[in-house]
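First residue of the first sequence? That's 1 in UniProt numbering, and the numbers climb one at a time after it.
Where is the CB? At the ideal position from N, CA and C, for every residue including glycine.
Since the structure is predicted, the reported quantities are computational estimates derived from the model, not experimental observations.
Have a look at the structure below, then the notes.
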Amino acid sequence: VKNRDGLLNTPTRRVILWEEGKSSDGQKWTTLEHNGPLFPPEYEPLPNNVVFYYSGEAFKLGLASEEIATFYAKMLDHEYTTKEVFQKNFFNDWREEMTEDERKVIKKLSKCNFSELHAYFVNKAEEKKNMTKEEKQALKEDNAKLTEQYGFCFLDGHREKIGNFRVEPPGLFRGRGEHPKMGKLKKRIQPEDITINCSKGSRIPGPPQGHKWRKVQHDNTVTWLASWVENIQGHPKYIMLNPSSKLKGEKDWQKYETARNLKLRVDSIRRQYQSDWSSHEMRNRQRGVALYFIDKLALRAGNEKEDDTADTVGCCSLRVEHITLHKELDGKEWVVEFDFLGKDSIRYYNKVPVEKRVFKNLKLFMENKDPDDDLFDRINTTYLNKNLNESMAGLTAKVFRTFNASTTLQDQLNIMTKEDMTVEEKILAYNRANRAVAILCNHQRAAPKTFEKSMQLLQEKIKKKKEQIELAKRELKEAKNAHRERPSDKSKNLVAKKEKVLKRLQEQLKKLQLQMTDKEENKVIALGTSKLNYLDPRITVACPSISCFSL
DNA sequence: TGCAAGACTTGACATGAAGGTG
DNA sequence: CACCTTCATGTCAAGTCTTGCA
């Protein structure tokens, strides 16, 4: 049902433990021991016959600049290396790492020729792909050894899987969407950059030969084992436990419990924000409308963002330019048209009929404002969450997403599944319910690269199957005729046999058609995120017509 | 009290292994 | 069994929300 965690096995007892644990001073563990993070391999210099050219002339780069050049060379067939911002950022950062002499020569990216470097890596990838079974096996075993050594820790005496035990390797930063920092150099992390967190008296992991850690601390109010500061945004990065760990699993459970609590309170909360639409205070009206969006459309809270990031918004950060009001549209009244880039620069486009009072309020909020002014200028996420918390303990904006996602799943399963469906039909129904959630949460994906091709293949299969059915029908008819003219045991058996063949073929056709529908409807919708983060697994398990097979 | 820093969850996408099919 | 699709897992960016501090 759900990967990356072991929620289904979590006994109720743990909820009680969690509730008890919560009251105590934010302590997350008693003992924590681990082997530290695993560093990426050192840079391997290029062989001498792989040459970088500047202005058409061979130029031997020093080790440091050569490594950075390879980052760029590896990406050459990616679209983003053609972007001006990417090129500019890369070239600036690259030049900064060059020696004085290199900098004197290399002044323009357009005069750099990385093609031999690029070819070298393409070739290497090809070689890797063509390795023998034995070589691949050996590589796999090496990897397993590393995972065995670095991939686990001991937390309160239990051996737990670590989520990301590898330090992120250096490379070129590629943000999502139009990120102003795309192409910047993500520097190599040294042990001297890393803070280790473990319990007092535990065996402290040894830093690599000739190095030391930045710091070793024993803070049991946090769950991370190691951290460093990444150089692009200056944000911390953490080594943490895998979702299958007790720690993460209980947190996940807690999240769904909060969503369940919301179910009990949601009627009164909805009444409250509806009454806010008529408040005398502008701030309350904005709060009421924002909350309505968050509840009805599952919008994200929309925190303020730092500069130097892609221009994306959520509910509270919506600007006037992101919505258009239509008194009437497509035969519906009071329609709001949303068009903005949300998390990960995924476009949110939706035309929603709303209550008249909401519509009138929106008009009011937009009065005398420029397109790039905030729609909700009197509120922010802190204010919204503070309010929500007063309505219900633990309630924040994101709980509505979890609550509405899980509720949608439950409702859809109730509507669409019946006990007597075939397994294929049940899978289609479940996927559809899952899909309804993904659409609600706007979880999109790029259409798979092979989509058109595999669709065509399926199309052909269906065509062939139909032809087979036609043939089988004719053969059945012939057999029947023959049986009528000259009845015998043999002819009777033949009719029965032909009937069976036809029936099987028709079943196969139905299966193929179901498959195609499923595939088509899934083209640009990502189901994974909702399955992983939004759907309470207990709903899937409890659904009587679904739980008989594993998803 | 406000806001920056910190901690933790959510997200799309890449990759590799598993498994189904002709 | 070769091929291809599917699914799980890994990666790391980008959100949310809390905490800490001036």
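Check	Outcome
Quick check on Arg-271: buried or exposed, where buried means 16 or more other Cβ atoms within 10 Å of its Cβ?	exposed
Can you tell me whether Leu-172 is helix, strand or coil according to DSSP?	strand
What did DSSP end up calling Thr-324 once you bin it into helix, strand or coil?	strand
For Ala-301, does the count of other Cβ atoms within 10 angstroms reach 16, so buried, or fall short, so exposed?	buried
Which one of Lys-108, Asp-311 and Tyr-53 has the shortest CA to CA distance from Ser-115?	Tyr-53
If we call anything under 8 Å between Cβ atoms a contact, is Leu-241 one with Lys-161?	yes
State yes or no: is the C-beta of Lys-237 within less than 8 Å of the C-beta of Ser-227?	yes
Roughly how many whole angstroms lie between the Cα atoms of Glu-424 and Lys-511?	7 Å
Would you kindly check if the distance between the Cβ of Ile-196 and the Cβ of Ile-204 is under 8 Å?	yes
Can you check which of these residues, Val-501, Gln-459, Asn-481 and Ile-539, is closest to Met-516 by C-alpha distance?	Gln-459
By the three-class DSSP mapping on this structure, what secondary structure does Gln-456 have?	helix
Of the choices Lys-263, Ile-269, Asp-372 and Lys-363, whose alpha-carbon is the least far from that of Ser-317?	Asp-372
Given a threshold of 16 other Cβ atoms within 10 Å of its Cβ, counted over all protein chains shown, does His-280 qualify as buried or as exposed?	exposed
Using only the alpha-carbon positions, how far apart do Gln-513 and Gly-177 sit?	36 Å
Within the same chain, show all residues whose beta-carbon is closer than 7 Å to that of Ile-232, passing over the 5 residues directly before and after it, in chain order.	Phe-173, Lys-181, Lys-184 and Lys-186
Would you grab the beta carbon distance between Ile-239 and Phe-154 for me? Rounded to a whole angstrom, and I think it's under 8 Å.	With a Cβ gap of about 14 Å, Ile-239 and Phe-154 do not count as contacting.
Considering only residues of the region 75-160, which uninterrupted alpha helix (DSSP H) runs meet the minimum length of 4 residues and lie entirely inside it, listed in chain order?	84-97, 100-105, 115-129 and 133-150
Taking the straight line between their C-alpha atoms, what separation do you get for Asp-193 and Leu-362?	49 Å
Could you give the distance in angstroms between the alpha-carbon of Gly-171 and the alpha-carbon of Thr-70?	9 Å
May I have the straight-line CA-CA distance separating Arg-474 from Arg-432, to the nearest angstrom?	37 Å
Between which two residues does the beta strand (DSSP E) holding Thr-195 run?	195-197
Does Met-131 pass the burial test, meaning 16 or more other C-beta atoms within 10 Å, or should it be called exposed?	exposed
Kindly indicate which residue of Phe-359, Lys-523 and Leu-247 has the alpha-carbon position closest to the one of Ile-447.	The residue you asked about is not Ile; residue 447 is Ala in the sequence shown. Residue Lys-523 is the option with its Cα nearest to Ala-447.
For Tyr-348, write down the residues that DSSP places opposite it in a beta bridge.	Phe-340
In terms of DSSP beta bridges, what is His-34 paired with?	Cys-153
Under three-state DSSP, which class holds Ala-542?	helix
By alpha-carbon positions, which one of Met-75, Pro-40 and Gly-151 ends up nearest to Val-167?	Pro-40
What's the gap between the Cα of Asn-385 and the Cα of Gly-394?	9 Å
Apart from the five residues just before and just after Thr-223, which ones in its own chain have a Cβ nearer than 7 Å to its Cβ?	Lys-28, Met-240, Leu-241 and Leu-247
Please list, in chain order, all residues of the same chain as Leu-32 whose beta carbon is under 6 Å from its beta carbon, the five residues on each side excluded.	Leu-155, Cys-198 and Ser-199
Do you know how far the Cα of Asp-311 is from the Cα of Val-105?	36 Å
Given a threshold of 16 other Cβ atoms within 10 Å of its Cβ, counted over all protein chains shown, does Arg-435 qualify as buried or as exposed?	buried
I'd like to know whether the C-beta atoms of Ser-275 and Arg-357 end up nearer to each other than 8 Å.	no
Measure the CB-CB distance between Ala-405 and Leu-440 and report whether it falls below 8 Å.	yes
Answer yes or no: do Leu-476 and Glu-499 have a C-beta to C-beta separation smaller than 8 Å?	yes
Using DSSP with H/G/I as helix, E/B as strand and the rest coil, what is Lys-28?	coil
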